[in-house]
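For the protein sequence lines, the chains are X and A, in the order given. Under my numbering, the first residue of the first sequence is numbered 63, with each subsequent residue one higher. Under my numbering, the first residue of the second sequence is numbered 43, with each subsequent residue one higher.
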Amino acid sequence: MDFILTYKANDVVKAVVSEQLDKLAIPFRFDDFGHLLITENISEEIRQKMVDVLRAYNIVLSKESRNSLVDDIKNAIDDLIYSKEIRTEKISVYLSKKLDYSYSYLSNLFSEETYTSIENFIILRKIERAKKLMLDGLMTLTEIAFELDYSSVAHLSGQFKKMTGLTPTAFLRILEKRKNNTLN
Amino acid sequence: MKVVLVDDDEDDRLFFSDALQEIEINTDLREFNNGQELLDYLSNSNNQLPQLIFLDLNMPVMDGFECLKEIRKDPNLQDLVVAIYSTSSSERDIEETFVNGANIYINKPNKFEDLKKTIAQVVRRNWQYQENALEKANFLFRI
């Protein structure tokens, strides 16, 4: 007996993916474009299992280009925050030159995908870096402000307060006390 | 995002869950009456850990202070983000809970619109910490 198989590849792929993800207890859904959306954070271990198990069916997971562009924006921002070079151009100009898209496109995309604006994300990253530098204890707040391209300590402190609800001093005091707490 | 609310006041829980439903980020809420109920849930390895815990301070059986300490004692739970959700605005309570490992301190807002705004801000910020794998130990946010 021989048969000719008639099938819709998309439906087959969806069925296989659904079955395998259910087995791994990964919550997911398919959107209108047939893109796979993982609806909860999953551990790196489970993610790797998912990649491996689907690869066995020759199904390859690739990140959607919108998301990888968001990652590119984040990386470019990190490059900027961690670089020692003195920046002369505006961040919007820097990002659009580096990624070769208009800033308005990048900015809209970023807000849609991350629930925050590029401007806010930059502040978040800078304040995170300021926290690390403060905890290292090797630099004064004035030096940290300079390192992170703030015009003054007051400017850094103001943004720190806005982001965390705490002054840099209160933040340091709390983490210092925490450390002593765990040592005791 | 899996969210947990621990609060003994039923009206407050209802108020909270209504507000949570209206924010832009999708969440899945589980509610508990007191700290002990939460700890029982967390210690069962069949249960998935939440990404964000809202914890009231004054509760019967086990209060929020005690519950927070128990969570931070457990190495498996150290990365959990805990938001204190209390009517107290005493600086002593704020400092004490932060020192004992709380990440976020929220004064319970009285108005629905304020509550929605506050929850949205907290959930969004928590999403950023999870999504960008930022250092949880340095995550302090008073709102």
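Even glycine gets a Cβ: it sits at the ideal position worked out from N, Cα and C.
Under the DSSP definition of a beta bridge, Ser179 of chain X lacks any partner.
According to the DSSP assignment, Ser85 of chain A belongs to the alpha helix (DSSP H) that extends over Gly77 to Ser85. A contact between stretches requires three or more CB pairs, one per stretch, nearer than 8 Å, and the stretch 70 to 84 of chain A fails this requirement with the stretch 171 to 180 of chain A. Residue contact check for Phe107 of chain A against chain X: no CB pair falls below 9 Å. Counting only unbroken stretches of 3 or more residues, the beta strand (DSSP E) elements lying wholly within the stretch 102 to 147 of chain A are 124 to 128, in sequence order. When C-beta distances to chain A are compared with 7 Å, the residues of the stretch 216 to 243 of chain X below that value are Thr226, Gly227, Leu228, Phe233, Ile236, Lys239, Arg240 and Asn243, in chain order.
A distance below 9 Å separates the beta carbons of Asp98 of chain A and Ser128 of chain A. Using a Cβ-Cβ distance cut-off of 8 Å, the stretch 192 to 206 of chain X and the stretch 229 to 240 of chain X are in contact, since at least three pairs of beta carbons, one from each stretch, lie closer than that value. In the pairwise beta carbon analysis, the stretch 169 to 179 of chain X is classified as touching the stretch 167 to 174 of chain A: at least three pairs are separated by under 8 Å.
In the structure shown, Phe96 of chain A falls within a strand segment according to DSSP collapsed to helix, strand and coil. Bounds of the alpha helix (DSSP H) holding Lys76 of chain X are Ala71 to Lys85. In this structure, Glu102 of chain X lies near Met43 of chain A, with their beta-carbon atoms less than 9 Å apart.
Counting along the chain, Glu52 of chain A sits inside the alpha helix (DSSP H) bounded by residues Glu52 to Gln63. Of the residues A:Asp49, A:Glu112, A:Val165 and A:Val124, the one whose Cα lies closest to the Cα of Ser85 of chain A is A:Glu112. Here the alpha carbons of Lys152 of chain X and Phe208 of chain X stand approximately 17 Å from one another. DSSP lists no beta-bridge partner residue for Phe172 of chain X. In the pairwise beta carbon analysis, the stretch 43 to 61 of chain A is classified as touching the stretch 147 to 166 of chain A: at least three pairs are separated by under 8 Å.
Contact check for Leu80 of chain A against Val48 of chain A passes: the beta carbons are separated by less than 9 Å.
Setting aside the 5 residues that flank it on each side, Leu186 of chain X is surrounded in the same chain by Met225, each with a C-beta closer than 7 Å to its C-beta; the list follows chain order. Taking Val115 of chain X as the centre and dropping the five residues before and after it, the same chain places the C-beta of Gln82 closer than 6 Å to its C-beta, in chain order. The beta carbons of Gly77 of chain A and Met104 of chain A sit about 3 Å from each other, so the pair counts as a contact at 8 Å. Under DSSP, Phe92 of chain X shares a beta bridge with X:Leu98. In the DSSP assignment, Glu73 of chain A falls within the unbroken beta strand (DSSP E) covering Asp70 to Phe74. Contact annotation, Leu171 of chain X with Leu161 of chain X: C-beta distance approximately 10 Å; criterion of less than 8 Å not satisfied.
In terms of beta-carbon proximity, Phe183 of chain X lines the interface with chain A, with at least one pair separated by less than 9 Å.
Looking at the DSSP output, Val46 of chain A shares a beta bridge with A:Arg72 and A:Ile95. At a C-beta separation below 9 Å, Ile67 of chain A has these neighbours in chain X: Tyr177.
For Phe222 of chain X, the enclosing alpha helix (DSSP H) begins and ends at Val215 to Thr226. Taking CB atoms only, Lys111 of chain X has no neighbour in chain A less than 9 Å away. Per DSSP, Ile66 of chain X lies in no alpha helix (DSSP H) and is assigned neither H nor E.
Here DSSP, grouped into helix, strand and coil, assigns Asn149 of chain A to strand. For Ser158 of chain X, the enclosing alpha helix (DSSP H) starts and ends at Ile153 to Leu161.
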